[in-house]
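Take a look at the structure set out below.
Protein chains: 2
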Amino acid sequence: MLKALLNPKSIAVVGASRTPGKIGYVVLRNIIAYGYKGKIYPVNPHADEVLGLKAYPSVSSIPDEVDVVVVAVPAQEVPKVIEDAGKKGAKVAVVITSGFSEVGNVELENQIVETARKYGLRILGPNIFGYAYTPSSINATFGPLEIERGNIALISQSGALGIALMGWTIMNEIGLSALFSVGNMADIDVAELSELLIDDPYTKVIAIYLEGIKPGRGKDFIEKMTKVTLEKPVVVIKAGRSTRGMKAVASHTGSLAGSDQLYEAAFKQAGIIRAYTVEEMFDIARAFSQQPLPRGENTVIITNGGGVGVLATDAAEFSGVKLVEPSPQLIDAFRQTMPWFGSPKNPVDLTGQATVDNYIKAIKVAVESPEIDNIVILYCRTAVLDPRDLAKAIVEFYEENKVDKTTVVSFVGGQDTYEAMKYLNRHNIPAYPSPERAVNALAKMIWYKKFKEKKKSKQ
Amino acid sequence: MLKALLNPKSIAVVGASRTPGKIGYVVLRNIIAYGYKGKIYPVNPHADEVLGLKAYPSVSSIPDEVDVVVVAVPAQEVPKVIEDAGKKGAKVAVVITSGFSEVGNVELENQIVETARKYGLRILGPNIFGYAYTPSSINATFGPLEIERGNIALISQSGALGIALMGWTIMNEIGLSALFSVGNMADIDVAELSELLIDDPYTKVIAIYLEGIKPGRGKDFIEKMTKVTLEKPVVVIKAGRSTRGMKAVASHTGSLAGSDQLYEAAFKQAGIIRAYTVEEMFDIARAFSQQPLPRGENTVIITNGGGVGVLATDAAEFSGVKLVEPSPQLIDAFRQTMPWFGSPKNPVDLTGQATVDNYIKAIKVAVESPEIDNIVILYCRTAVLDPRDLAKAIVEFYEENKVDKTTVVSFVGGQDTYEAMKYLNRHNIPAYPSPERAVNALAKMIWYKKFKEKKKSKQ
């Protein structure tokens, strides 16, 4: 049933409005404008037509099957709509409407869930901003229209943050496969959505903003998420990890937050990667979405600046990334790629005189060496090497040679450096503004690779 | 003598070149183009004129006093230049040239220091990219030209990273008062430069990229830095804190890195704030440069999104920021500023319906309440409130009311949110892309305020 969310034949929007700015207007407009190819049915008893589409007075009056029903009517009208959609045989109701358990209205929330169960109708929400699934060109949210297409599925328990992050991912060109606002999780929860994505070929990694799981659902959460992480990496930022944050969570989504140690243990058991800031969550998710899993843990740092090389070395040690001790042969090979005063050990320092040619030669050595599994490429803006030239050369080399060693990049500098990193990111090479962030993302990939191998060997 | 670096009457550039791209060309061009008002003397025995200025064959042939001599000639010629500059009575030689102790040429380095000492000439470098002091419109570096003017002094022991950070600060509109590349620190070191800045009215905070202090200089470092931090905050990123990073440092600048515990202890004793990434260093420095020191530790969070409120609450607890428990009166006052379903406790949640008016009213309550010392303003992009309007209103309120409570901001969203944060930053309200980074910067300010009070009370 839930699968209908990803590939619905039709979507009805109950509360579709002709007034710009209204939620029932924005959601319908986004569904149309983002290019959904299935059938779209506005439901509005006071209109014959909304946004150029024939409108219907109710879901049951639609002369066709309805898979997904988006609900954006006042709370007190929702039970009627759910009953109607249930009778019609709809599969999932996406209840955007707020005014349920989050403001103490638990009874109304229970009522819609019970009604839906009668008909086998599933509920996403209530109190959400909608959902999106870009492979089917569905943007059924009241957030920004132009969601960047990609391989990260984002699930948010916070509506405001989720919408804000939509803008953020667009600005930073972070591509999403799916976006789910889960709100009060009256029925469908985070674990079930993650499970849904196991078989989704367009999702490579799942990123979750979590405030808390529902009381009594801990075991189910661990079971489901363990299944998920065997197939796909999951990165979670858990809000409410401090004592006071927990109280804030309780007053925000009403989740029973539970002690952070419990969550920490559950995440560990389930193989979930924990991020501590929103930026970190996307740093890690981006690496997974763009790069193959590490084949092993032996990592080399290639740089043109000693300083960033040292910072990356520090980050590697503290995040558990193993820097390879190159063999004499490998040291010799690296030495051929650099000026005489460079350093062929790890970090491989091509010096501030490094050219595109030095970089590509050193990268080639790393790619061809069986001693090396992963590559960290660092660059500091110098007068002799335009970062945009370097970015282009790296992309060309990786694409021509179909390089499959896990690679992360950090370029430090000004506007042109920023543009170079955008170029790398657009070509699936994750680039970060600081060496520490690049190394941290790689560390989490290596950790996940090991976790997965260990789990699979036990099966 | 060192003060001459900040307000020299004249600067000579030895090795001034007419060939674009050469270091001796770029440095001279930067000095001229950045608007230095003192006298500029190119020194080049093979030219009568360089970049439109009369050139001299040697420093001693300049018919005028020379305060600062920038040296950009090959290493083997440097001793002669130092001798000549010393005889001439120059005060500081800024030796850009590399090829000294960093490549094992210790003797040559000792030689120039000994020569300089004979004449009371001080040496910055060698092996540096130059220096800048924006209040005197001096950009004597071979890095980018348009250094943003401001109140942060940046000292970098890494040349490549320092130059790259020049571009980075320009792109991020981070204003600098001074910028020193210290390189091999043959004579002038980080501690002495920091001391020089104690009385500089244009420097509010000192940010340092440090790889290591010289053997035997530990005690001097602690003594000098303790004096500095009594007057001005110092933020240090210490590279080479891992075992392997230490080795990388040794091969990079040749500093005897020493165990990280020693540095940790030294920093603590001297009241130095430690940052762990380049981004964090600037996050903290920016807050100090733009905001008054906290008057106390009681902090309130004002938000329109529960999620970011929780993330900030978590960050506050883990970084030691005390969130105030508002009195019943204060709770009542906050309640007046928000929709009925908002939360007037701390975090003060104005809800996703919040308008500019709600925000300004809540901020006014916080500013006027004696219970509150510091304010964290958070915002998630919503359809009802354009972040640029909010940014403008905040700036207007702060400027009109001369608000002097320490304030940090985080707006989460897309392009317009990013623009709004740029606007805030330009008006001295430090804004960050994530709530955790805003809270962390405030935490370090509160820590420093307490440190300073404790130290002063002991004097």
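Chains A and B, in that order, are what the protein sequence lines are. Each residue of the first sequence is one higher than the last, beginning at 8 in the working numbering. Each residue of the second sequence is one higher than the last, beginning at 8 in the working numbering. All C-beta atoms, glycine included, are put in the ideal place defined by N, C-alpha and C.
DSSP three-state assignment for residue i, whether helix, strand or coil
{"i": "residue 305(B)", "result": "coil"}
{"i": "residue 317(B)", "result": "helix"}
{"i": "residue 71(A)", "result": "coil"}
{"i": "residue 211(A)", "result": "coil"}
{"i": "residue 331(A)", "result": "coil"}
{"i": "residue 229(A)", "result": "helix"}
{"i": "residue 106(A)", "result": "coil"}
{"i": "residue 351(A)", "result": "coil"}
{"i": "residue 442(A)", "result": "helix"}
{"i": "residue 146(B)", "result": "strand"}
{"i": "residue 137(A)", "result": "strand"}
{"i": "residue 14(A)", "result": "coil"}
Proximal chain B residues relative to residue i, where beta-carbon distance stays under 8 Å
{"i": "residue 342(A)", "result": "Here the premise fails: no neighbours, minimum Cβ distance about 14 Å."}
{"i": "residue 216(A)", "result": "314"}
{"i": "residue 115(A)", "result": "Chain B residues near residue 115(A): none, gap ~15 Å exceeds 8 Å."}
Beta-carbon neighbours of residue i, restricted to chain A and to distances below 7 Å
{"i": "residue 365(B)", "result": "Correct list: empty, because the minimum Cβ distance to chain A is about 14 Å."}
{"i": "residue 252(B)", "result": "317, 320, 321, 324"}
{"i": "residue 284(B)", "result": "441, 443"}
{"i": "residue 41(B)", "result": "Per Cβ cutoff of 7 Å: no residues; residue 41(B) is ~16 Å from chain A at best."}
{"i": "residue 273(B)", "result": "Neighbours of residue 273(B) on chain A: none; closest Cβ ~18 Å, over 7 Å."}
{"i": "residue 193(B)", "result": "Correct list: empty, because the minimum Cβ distance to chain A is about 18 Å."}
{"i": "residue 354(B)", "result": "255"}
Nearest neighbour of residue i, chosen from the options [CA to CA]
{"i": "residue 210(A)", "options": "118(A), 24(A), 201(A)", "result": "201(A)"}
{"i": "residue 129(B)", "options": "119(B), 135(B), 136(B)", "result": "119(B)"}
{"i": "residue 466(A)", "options": "233(A), 373(A), 366(A)", "result": "233(A)"}
{"i": "residue 442(B)", "options": "87(B), 316(B), 23(B)", "result": "316(B)"}
{"i": "residue 78(B)", "options": "60(B), 239(B), 90(B), 292(B)", "result": "90(B)"}
{"i": "residue 242(A)", "options": "453(A), 251(A), 250(A), 214(A)", "result": "214(A)"}
{"i": "residue 326(A)", "options": "187(A), 449(A), 174(A)", "result": "449(A)"}
{"i": "residue 68(A)", "options": "82(A), 52(A), 80(A)", "result": "52(A)"}
{"i": "residue 240(A)", "options": "180(A), 343(A), 384(A), 301(A)", "result": "301(A)"}
{"i": "residue 405(B)", "options": "343(B), 299(B), 34(B), 101(B)", "result": "299(B)"}
{"i": "residue 270(B)", "options": "101(B), 221(B), 86(B), 355(B)", "result": "221(B)"}
{"i": "residue 337(A)", "options": "430(A), 282(A), 354(A), 144(A)", "result": "354(A)"}
Partners in chain B for residue i, counting only beta-carbon separations shorter than 7 Å
{"i": "residue 78(A)", "result": "Under the 7 Å cutoff, chain B gives no residues; its nearest Cβ is about 18 Å from residue 78(A)."}
{"i": "residue 421(A)", "result": "151, 174, 175, 177, 178"}
{"i": "residue 249(A)", "result": "320, 321, 324, 325"}
{"i": "residue 246(A)", "result": "314, 317, 318, 321"}
Continuous alpha helix (DSSP H) stretch holding residue i: start and end
{"i": "residue 404(B)", "result": "394 to 407"}
{"i": "residue 382(B)", "result": "No alpha helix (DSSP H) holds residue 382(B); the beta strand (DSSP E) holding it covers 381 to 387."}
{"i": "residue 30(A)", "result": "30 to 40"}
{"i": "residue 174(A)", "result": "166 to 178"}
{"i": "residue 273(A)", "result": "267 to 277"}
{"i": "residue 363(B)", "result": "363 to 375"}
{"i": "residue 430(A)", "result": "422 to 433"}
Contacts that residue i makes with chain B (C-beta to C-beta distance below 9 Å)
{"i": "residue 381(A)", "result": "Within 9 Å Cβ-Cβ: nothing; residue 381(A) doesn't reach chain B, min ~16 Å."}
{"i": "residue 311(A)", "result": "167"}
{"i": "residue 389(A)", "result": "167, 170, 171"}
{"i": "residue 330(A)", "result": "251"}
Distance between beta carbons of residue j and residue i, contact taken as under 8 Å
{"i": "residue 111(B)", "j": "residue 216(A)", "result": "In fact, because the Cβ distance is near 53 Å, the residues do not count as touching under 8 Å."}
{"i": "residue 289(A)", "j": "residue 452(A)", "result": "Not confirmed; about 14 Å, so no contact."}
{"i": "residue 32(B)", "j": "residue 48(B)", "result": "Between residue 48(B) and residue 32(B) the Cβ distance is about 15 Å, and since that is not below 8 Å, they are no contact."}
{"i": "residue 148(A)", "j": "residue 137(A)", "result": "4 Å"}
{"i": "residue 305(A)", "j": "residue 380(A)", "result": "5 Å"}
Interface residues of chain A facing residue i [CB-CB closer than 9 Å]
{"i": "residue 414(B)", "result": "None at all; the shortest Cβ gap to chain A is about 20 Å."}
{"i": "residue 52(B)", "result": "What residue 52(B) touches in chain A: nothing, since even the nearest Cβ is about 25 Å away."}
{"i": "residue 424(B)", "result": "171, 174, 175, 178"}
Start-to-end residues for the beta strand (DSSP E) that takes in residue i
{"i": "residue 341(B)", "result": "From DSSP, residue 341(B) is part of no beta strand (DSSP E) but of the alpha helix (DSSP H) over 335 to 342."}
{"i": "residue 242(B)", "result": "241 to 245"}
{"i": "residue 117(A)", "result": "Segment 113 to 126 is the alpha helix (DSSP H) holding residue 117(A); no beta strand (DSSP E) there."}
{"i": "residue 485(B)", "result": "Absent from the model: residue 485(B). The displayed extent of chain B is 8 to 466, so no value can be given."}
{"i": "residue 311(B)", "result": "Element bounds for residue 311(B): n/a, residue is neither H nor E."}
{"i": "residue 92(B)", "result": "Counting along the chain, residue 92(B) falls outside any beta strand (DSSP E), though it belongs to the alpha helix (DSSP H) covering 85 to 95."}
{"i": "residue 161(B)", "result": "156 to 163"}
8 Å Cβ cut-off: residues of chain D touching residue i
{"i": "residue 156(B)", "result": "Absent from the structure: chain D. Protein chains present are A and B."}
Chain A contact residues for residue i, given Cβ-Cβ distances below 8 Å
{"i": "residue 348(B)", "result": "110"}
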